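Take a look at the structure set out below.
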Amino acid sequence: MNTYRLKNVLLPLLTASALLGGAVIAQSATLEQVLDVSEEKNEAARQSQAKIDRLAEETRDLLEDYKAVNKQIDGLKVYNDRLRRQISNQEKRIADIESSIDEVQITQRQMPALVVRMIDGLEQFVEMDVPFNLDERQRRIEFLRDNVDRSDLTVAEKFRQVLEAYNIELQYGRGFETYSDTIELNGVTRDVDFLRIGRIALVYQTTDGSEAGVWNNETRAWDPLPAGDYGNAIRKGVRIAKKQAAIELLNMPVAAPEAE
């Protein structure tokens, strides 16, 4: 009787234990599945975050590139504005140069006639001027006339030569010189020393010191001078011009303007 009852008790216990064990196993399997799903979700989340981080980095890089490109565009705009102004100025200069070329061509056609007129004027001036260094000055004018028809000289060079001749004549008015030459006095050729003081006085003295004279540009002739009054002054002036004596005041015959 007791054995029968024990069997009846053990059977339900074994049955309950078996059921409990199956439930534990089933619950364990479910937990593992949950953990696996959670791990998969975490992995997917990590991959998504990594992708988001990469996209954010790329976005930052693109933004920096965009800012850099904008700066370049701004710089190019400023550069283009400057280029436009430069091109505008260059176009204006080109127009001015073209206009100047046209004017130069007109001037070149007029220059030969101008050079000839200047030579004529220079020749007339020398003829009317105080007659010092006449041979040298007339040879210079003849040289200029010969060059007018030369084809190997440009108009600019011919004009430069004429200007140089004018400048030489200008310097004569500021110069102080002496030179020896011959002069005809009362039908007799005499050796004399000339003394030129700019264009205000041209005097002579014979080499023996016996006669002296001054050029009168109004009468175009030589006026005699008292040798005693001007002889010493002329000799001293000749020595000063030759740098053989110190500069000092000289008593020279100078034509004074007449009062009206």
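With numbering that gives the first Met the number 0, the residue at position 7 of the sequence shown is 6, and numbering never jumps.
Here a beta-carbon is modelled for each residue, glycine too, at the ideal position from N, C-alpha and C.
Computed from a predicted model, the values in this text were never measured in an experiment.
- Under the three-state reduction of DSSP, Ser179 is assigned to strand.
- Counted as a single uninterrupted DSSP element, the beta strand (DSSP E) harbouring Ala220 occupies residues 220-224.
- With a cut-off of 8 Å on Cβ pairs, the stretch 193-204 is in contact with the stretch 156-176, counting three or more such pairs.
- Relative to Phe142, the option among Lys157, Ala55, Pro130, Asn132 whose CA is nearest is Lys157.
- For Asn216, the CB contacts under 7 Å within the same chain, skipping 5 residues up- and downstream, are Val129 in chain order.
- The beta-bridge partner set that DSSP reports for Ile196 consists of Phe175, Ala200.
- According to the DSSP secondary-structure assignment, Gly212 is paired through a beta bridge with Tyr203, Pro223.
- Rounded to the nearest angstrom, the gap between the Cα atoms of Leu34 and Asn41 is 10 Å.
- Less than 8 Å separates the beta-carbon of Val147 from that of Val115.
- In the three-state reduction of the DSSP assignment, Asp128 falls in the coil class.
- In the DSSP assignment, the residues bridged to Asp190 are Thr181.
- Comparing C-alpha distances from Val202 to each of Asp52, Lys235, Val77 shows the shortest one belongs to Lys235.
- Using a Cβ distance threshold of 8 Å, Ile233 and Gln204 count as a contacting pair.
- Spatial neighbours of Arg139 in its own chain (CB-CB distance under 6 Å, excluding positions within 5 residues in sequence) are listed in chain order as Ala164.
- Linking Gln71 to Ile86 through their CA atoms gives a straight-line distance of about 22 Å.
- Our two residues, Leu113 and Arg136, have alpha carbons roughly 20 Å apart in a direct line.
- Annotated as proximal: Val154 and Pro111, with beta-carbon spacing under 8 Å.
- Going by DSSP, Gln243 is part of no alpha helix (DSSP H) at all; its letter is neither H nor E.
- Here Leu133 is exposed: its Cβ has fewer than 16 other Cβ atoms, across all protein chains shown, within 10 Å.
- Its chain contains Val114, Met117, Ile118, Leu121, Leu143 as the residues whose beta carbon lies nearer than 8 Å to that of Val161, once the 5 sequence neighbours on both sides are disregarded; these appear in chain order.
- At least 8 Å separates the beta-carbon of Val253 from that of Ile182.
- In the three-state DSSP reduction, Asn166 falls in the helix class (H, G or I).
- Classified as exposed, Gly186 has fewer than 16 neighbouring CB atoms from the shown chains inside 10 Å of its CB.
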